[in-house]
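In what follows, a single structure is set out as structure tokens and then discussed.
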Amino acid sequence: MLQKKICLLGAFSVGKTSLIQRYVNKLFSEKYLTTVGVKIDKKPIIVGSTSLNLMVWDIAGEDDFTNIRSAHLRGLSGYIVVIDGTRQNSFNVALALHERIKTELGEVAAVFALNKCDLKEHWVINHEQIRTLAQLGYPIIETSAKLDQGVEEMFMGLARQLVPENSEA
Amino acid sequence: MDSFLSSICRNINLTAFTRDAQGLFIPCSAMPDWLVFFLVKSEETGHYNLAEAFPYLSCFMQDAEEHWQAKRSEPLASGVWIELDELNQELPLEASIMYLDGQEVLLLQQLGEKYTQDLSRLQQVRNSLLTQEMLESEIKRRTLEIRKREEEIAIKLVSLTSLRDEETGAHVRRIGLYAAVMAKALGWTPEEIDTIRVAAPMHDIGKIGIPDRVLRKAGILNDEEFNVMKKHTEIGASMLRGTKIPVLNMAADIALNHHERWDGTGYPQGLAGEMIPASARITTIVDIYDALVHERVYKNAMPEQEALGLMQEMAGRHLDPDLMKLFLSLLPAMRRIRLEVTEEHEAGSKEEALEEVCA
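Chains as they are written, first to last, in the numbering used here: chain A, 6 to 174; chain B, 40 to 398.
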């Protein structure tokens, strides 16, 4: 079985762990529990005719106290940058992380998740910023771990980029 | 390892390994129960592939290899990672490696209480940061609301004079938007850009104090009438002064000085060059542009090229030459405002989009 390492990246409290929990274990908790360190989950999936074992690395959110180690990015096949639509700062952190990965690893498969779409009336990310993201040329998916919205689509959107085109049905 | 050191290792939940020639690890202290669960696969040999048991270590092994090759004795830590034990409970782990007495050593520690304390501390810090972010965002939202109200009040004030002279609501809005584009290009702060967008439309507010016989006179003004007309600058400034509201202070500056000329031949004070506030020099340029290219009841619209030619002739005498150059470089944005902010399109989303451009 093909094994691929993927990472969820983003500012702290954007919902990386919640998205993984929803996808891997079908669970959701309202309570915010910060992540310290790295947690790896495995999720076997099928993309077209290819069986894939996703190694999903949940890396602690980036802030003044926590920096993502370059070692964590080794062997990375793809990544999901998570933005909390209700927090402006998470957009800036997302762009900075994306730039960093491009610098360190070059072009790697990626997806941007605009998370917490259940709180859309409180979103502060504006159309101009979404246009900026779109210009980067990666899929942008609105997600909610709470409502299980866009979560499968987000992971599959990345997984499809990881398998050779002719293996897809 | 002697029993004393073994006891210490056990108490701090630490297991020491050395690496063999095949790259497998041999424990040199007693293995705690929690670790057995992860290493059970290769139990029979007594030599363990730790990177296989703990996938996290796969990303650390390259650094470890370099450290051992360099025979460094100081420890190098892997960073914390979480594993789930046989009871599905989280185990916080960290590995450290070093080169000691000719041996490649790896220490594996279950962080236990130390991790819980660090987690709790970080949770508190992040909760405070979230609260701070939320408050900052609320302040921004409310400030924006206040700005919008200020703008509405300014437009209402200006509309009082519009009832008496020929200026339109769209004209005054455009003046604010053009001025904001100039301010942004000059590198003003977002607050200053917002301020001039609201303040510039009030430049002619003093016309409210000019009698109808002068303000609405169809023909050319005589000297006495022109002197009365000139008073609108000072009337406007005195109407707007005397508060601590930044937007009204800038509006007062603009109202007073928007008929000053770069060469000092303007009114009311005959200021020259940079003695004239930049906000007023900007407003003068955009006001002339908009007046020239739009139709009024007393004149036809001038073709843009002709208007720009005329304005370029005014640069250095009437208008600030540097700001005029900047204005010309921003013509695409100015045209977009001119074409989209019209009487017909007064309300609606287009203007919001333009304000986004100017923000």
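Glycine is no exception: its CB is placed at the ideal position from the N, C-alpha and C atoms.
Subject >> Option nearest B/L28 by Cα separation, candidates B/I247, B/R236 and B/L158 >> reply: Not covered by the structure: residue 28 of chain B. The range shown for chain B is 40 to 398.
Original post:
Quick one: complete beta strand (DSSP E) runs, 3+ long, within the stretch 93-149 of chain A?
Top reply: 114-120 and 145-147
**OP:** Could you tell me if A/A139 is buried or exposed, where buried requires 16 or more neighbouring beta carbons within 10 angstroms of its beta carbon?
**Re:** exposed
Original post:
Taking only runs of the alpha helix (DSSP H) that begin and end inside the stretch 90-114 of chain B, which ones reach a length of at least 4 residues, in chain order?
Top reply: 100-108
Subject >> Inter-residue spacing [alpha-carbon to alpha-carbon] between B/E352 and B/L358 >> reply: 9 Å
Original post:
Mind listing which residues of the stretch 34-66 of chain A have their C-beta closer than 9 Å to chain B's C-betas, in chain order?
Top reply: Y37, L38, T39, T40, V41, G42, V43, K44, I45, K47, M60, W62, D63, A65 and G66
Original post:
Quick one, which residues of the stretch 79-106 of chain A are near chain B if we go by CB-CB under 7 Å, in chain order?
Top reply: R79, G80, R92, Q93 and N94
Original post:
By the 10 Å Cβ neighbour count, where 16 or more other Cβ atoms means buried, how is B/G348 classified, buried or exposed?
Top reply: exposed
Original post:
With respect to the alpha helix (DSSP H) encompassing B/C48, which residues constitute its N-terminal and C-terminal limits?
Top reply: S42 to N50
**OP:** Classify B/T304 as buried or exposed, calling it buried when 16 or more other Cβ atoms lie within 10 Å of its own Cβ.
**Re:** exposed
**OP:** To the nearest angstrom, report how far apart A/L38 and B/L123 are at their CA atoms.
**Re:** 17 Å
Original post:
Thinking just about the alpha-carbon of each residue, which of B/R160, B/L378, B/D361 and B/K269 is nearest to the one in B/M221?
Top reply: B/D361
**OP:** With a 10 Å radius around its C-beta and 16 neighbouring C-beta atoms as the bar for buried, classify B/A218 as buried or exposed.
**Re:** buried
Original post:
To the nearest angstrom, how far is it from the Cα of A/P144 to the Cα of A/L167?
Top reply: 14 Å
Subject >> Residue span of the alpha helix (DSSP H) that contains B/D262, given as start and end >> reply: D262 to L279
Original post:
Are the stretch 206-215 of chain B and the stretch 228-240 of chain B touching by the rule of at least three beta carbon pairs closer than 8 Å?
Top reply: yes
Original post:
Apart from the five residues on each side of it in sequence, which residues of its chain come closer than 6 Å, Cβ to Cβ, to B/H271?
Top reply: G245, K246 and I249
Original post:
Are the C-beta of B/Q162 and some C-beta of chain A separated by less than 8 Å?
Top reply: yes
Subject >> B/R58, enclosing beta strand (DSSP E) - first and last residue >> reply: L53 to R58
Original post:
Using Cβ-Cβ distances below 8 Å, what residues of the stretch 78-99 of chain B are close to chain A?
Top reply: P94, Y95, S97, C98 and F99
Original post:
What did DSSP end up calling A/D153 once you bin it into helix, strand or coil?
Top reply: coil
Original post:
Taking 8 Å as the CB-CB limit, is B/K389 close to chain A?
Top reply: A caution first: B/K389 carries a pLDDT of 39, below 50, which makes its placement in the model unreliable, though a value can still be read off. So no, B/K389 is outside the interface.
Subject >> B/E172 in three-state terms, based on DSSP >> reply: helix
Original post:
Comparing alpha-carbon positions, which option in A/R105, A/V87, A/K31 and A/L124 lies nearest A/I73?
Top reply: A/R105
Subject >> Closer than 8 Å to chain A by CB, B/G62 >> reply: no
Subject >> Close Cβ partners of B/N52 (< 7 Å) along its chain, the five nearest in sequence each way excluded >> reply: P71, Q148, Q149 and G151
**OP:** Let me know the secondary structure DSSP gives A/G83 once reduced to three states.
**Re:** strand
Original post:
How do the stretch 88-107 of chain B and the stretch 63-77 of chain B stand: do at least 3 beta-carbon pairs fall below 8 Å, yes or no?
Top reply: yes
**OP:** Report the rounded CA-to-CA distance for B/K256 versus B/G226, giving the unit in angstroms.
**Re:** 41 Å
Original post:
Considering only C-alpha positions, which residue in the set B/A60, B/C98, B/T54 and B/M100 is nearest to B/L78?
Top reply: B/T54
**OP:** Let me know the secondary structure DSSP gives B/Y217 once reduced to three states.
**Re:** helix
Subject >> Whole-Å CB distance - B/W301 paired with B/G309, under 8 Å assumed >> reply: Going by Cβ atoms, the distance from B/W301 to B/G309 rounds to 12 Å, so no, they are not a contact pair.
**OP:** Out of B/V332, B/E273 and B/M363, point me to the one whose CA is closest to B/I376's CA.
**Re:** B/V332
Original post:
Using a Cβ-Cβ distance under 8 Å, would B/I121 count as near chain A?
Top reply: yes
Original post:
What is the residue span of the alpha helix (DSSP H) that B/G305 lies within?
Top reply: Unbroken run through B/G305: none, as it is neither H nor E.
Original post:
Looking at A/K48 and A/V29, is the spacing between their C-beta atoms short of 8 Å?
Top reply: yes
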